[in-house]
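Residue numbers (the numbering used here), protein chains in the order written: chain A, 233 to 405; chain B, 126 to 255.
Every residue, glycine too, gets a C-beta built ideally from N, C-alpha and C.
Worksheet: the structure to be examined is printed underneath.
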Amino acid sequence: MSNISEAMKAAVGTVTARTTSYPISESDIRKWALAVYWPDKPPAYFIDSAEAAKTVHGGIVAPEDFNPFAWISAGHESLIKNSLRAGTNDPDSTEKSLGIEGPGLTFMLNGGLVCEYGVRMRAGDVITSESSVGEYSEREGRLGLMLFSRSISTWTNQKGEMVKRTTGTLIRY
Amino acid sequence: MTVNVGDAIPTFTRATGFANWNRYAAVNDEFVPIHMDDEAGAAAGNGGAFGMGNLQWAYLHNMLRDWMGPNGEILSIEVQFRSPNVKGQTVTAHGVVTAVEGDVVTLDVWTEQQEGTKLAPGSAKVRLAK
Numbered sequence: 233m234s235n236i237s238e239a240m241k242a243a244v245g246t247v248t249a250r251t252t253s254y255p256i257s258e259s260d261i262r263k264w265a266l267a268v269y270w271p272d273k274p275p276a277y278f279i280d281s282a283e284a285a286k287t288v289h290g291g292i293v294a295p296e297d298f299n300p301f302a303w304i305s306a307g308h309e310s311l312i313k314n315s316l317r318a319g320t321n322d323p324d325s326t327e328k329s330l331g332i333e334g335p336g337l338t339f340m341l342n343g344g345l346v347c348e349y350g351v352r353m354r355a356g357d358v359i360t361s362e363s364s365v366g367e368y369s370e371r372e373g374r375l376g377l378m379l380f381s382r383s384i385s386t387w388t389n390q391k392g393e394m395v396k397r398t399t400g401t402l403i404r405y
Numbered sequence: 126m127t128v129n130v131g132d133a134i135p136t137f138t139r140a141t142g143f144a145n146w147n148r149y150a151a152v153n154d155e156f157v158p159i160h161m162d163d164e165a166g167a168a169a170g171n172g173g174a175f176g177m178g179n180l181q182w183a184y185l186h187n188m189l190r191d192w193m194g195p196n197g198e199i200l201s202i203e204v205q206f207r208s209p210n211v212k213g214q215t216v217t218a219h220g221v222v223t224a225v226e227g228d229v230v231t232l233d234v235w236t237e238q239q240e241g242t243k244l245a246p247g248s249a250k251v252r253l254a255k
């Protein structure tokens, strides 16, 4: 039996939210680099402004995988009416945010990412993320019938330049 | 830098466990029980806690960046998370060149555990520094 309802199919393409970051700080970038390179030190161009000034970027830029929305954002605009309450770690949070019932599956995993990059993020940048609902699919896996749902996220900076466009796949079972 | 199809680029290796995952959770606010707690990870069918897909993603970027230097550019990357990174594994990011067009290079990229099982296979396209 499929976990993909007619309401879920109808939701594909819906722009769900627009989120704006606080201005990125060099400290944010340094901490991120320290975490993803730990226990070794990150490259000096993520830590030392003088080293970073020698690169084509002319200063510290964030690792491409940096997330300026972690912990808190400066603004969040839900573009969905009648959304249902859902916790961040609720497997049905995508559907509940759309105001429809989710499949009620118990577990979720990060199924994969596709990302196209534009300009780099740097200190002072304010990033806006626009999210939309991507396609649903499902197939049998080692843990039973697996539901694959995709979300599309486009980030731009304060100049309107594209920072990255990501399609994420969430696996639920 | 001269690059040819079939070239393997330098790898990026980390021993993984709570020490890495907790630091990543701290910067990404990713305090999900399956990554923090063995019971929650076991309940999800993976024997214990397991690492964030996003950290595997970061390791692949680190490998590409370390190879190209700060003036290279990652144009795109895609990865599937096929197998969990469980506690105690040594994870290595690999890349092999599959195409070269001027300064744009396409690679197969993946992370694997110490016994050679691929955790997160994918591909990437980069532009080398001039």
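Look at Q181/B here: in three-state DSSP terms it is helix. Under the three-state reduction of DSSP output, I202/B falls in the strand class.
For K328/A, the secondary structure class from DSSP, reduced to helix, strand or coil, is helix.
In chain order, T223, A224, S248, K250 place their CB closer than 7 Å to the CB of T231/B, counting only its own chain and leaving out the 5 sequence neighbours on each side. Assignment of A282/A by DSSP, reduced to helix, strand and coil, places it in the helix class.
Residue-level contact check: L379/A does not touch chain B, since none of the beta carbons of chain B fall below 8 Å from its beta carbon. With contacts defined as CB atoms closer than 8 Å, I279/A and A265/A qualify as a contacting pair.
Listed in chain order, the non-local C-beta contacts of G142/B below 7 Å within the same chain comprise K212, G213, local neighbours out to five positions each way being set aside.
Taking 8 Å as the CB threshold, P195/B lines the interface with chain A. Closest in alpha carbon position to M161/B, among G131/B, M126/B, W146/B, V152/B, is W146/B. Here A167/B has G173 as same chain residues with Cβ atoms under 8 Å from its own Cβ, once five neighbours each way along the sequence are excluded. The beta-carbon of D324/A is placed no less than 8 Å from the nearest beta-carbon of chain B.
Taking a Cβ-Cβ threshold of 8 Å, the residues of chain A close to E203/B are G344, L345, V346, C347, in chain order.
Taking C-beta separations shorter than 6 Å and ignoring five residues to either side along the sequence, the partners of F137/B in its chain run Y184, N187, M188, A218, following chain order. Take the alpha-carbon of Y149/B and the one of G334/A: they are about 29 Å apart.
Between G220/B and I134/B a beta carbon distance of about 4 Å is seen, short of the 8 Å cut, so the two are scored as contacting. A straight line joining the alpha-carbon of T251/A with that of A284/A spans about 29 Å. Taking 8 Å as the cut-off, the Cβ atoms of V395/A and A243/A do not count as close. The Cβ atoms of F206/B and A169/B do not sit closer than 8 Å to each other. In the DSSP assignment, F137/B falls within the unbroken beta strand (DSSP E) covering 137–140. Note on G344/A: 16 or more other CB atoms within 10 angstroms of its CB, so buried under the neighbour-count rule. Boundaries of the beta strand (DSSP E) around P246/B: 243–252. E296/A counts as buried, since no fewer than 16 other beta carbons sit within 10 angstroms of its beta carbon. Note: A133/B is bridge-paired with V221/B in the DSSP secondary-structure output.
Counting C-beta atoms within 10 angstroms of its own C-beta, E240/B has fewer than 16 neighbours from the protein chains shown and is therefore classed as exposed.
Contact annotation, Y368/A with I261/A: C-beta distance approximately 35 Å; criterion of less than 8 Å not satisfied. At a C-beta separation below 9 Å, N153/B has these neighbours in chain A: W264, A267, N299, A302, W303. Leaving aside the five residues that flank Y349/A on each side, the residues in its chain whose CB is nearer than 7 Å to its CB run, in chain order, E296, K396. With a threshold of 16 other beta carbon atoms within 10 Å, R371/A falls short and is exposed. Interface with chain A (8 Å Cβ-Cβ cutoff): V229/B is excluded. Residues of the same chain with a CB within less than 6 Å of the CB of A239/A, apart from the 5 flanking positions on each side, are I332 in chain order. When only Cα atoms are considered, V234/B and C347/A end up about 14 Å apart.
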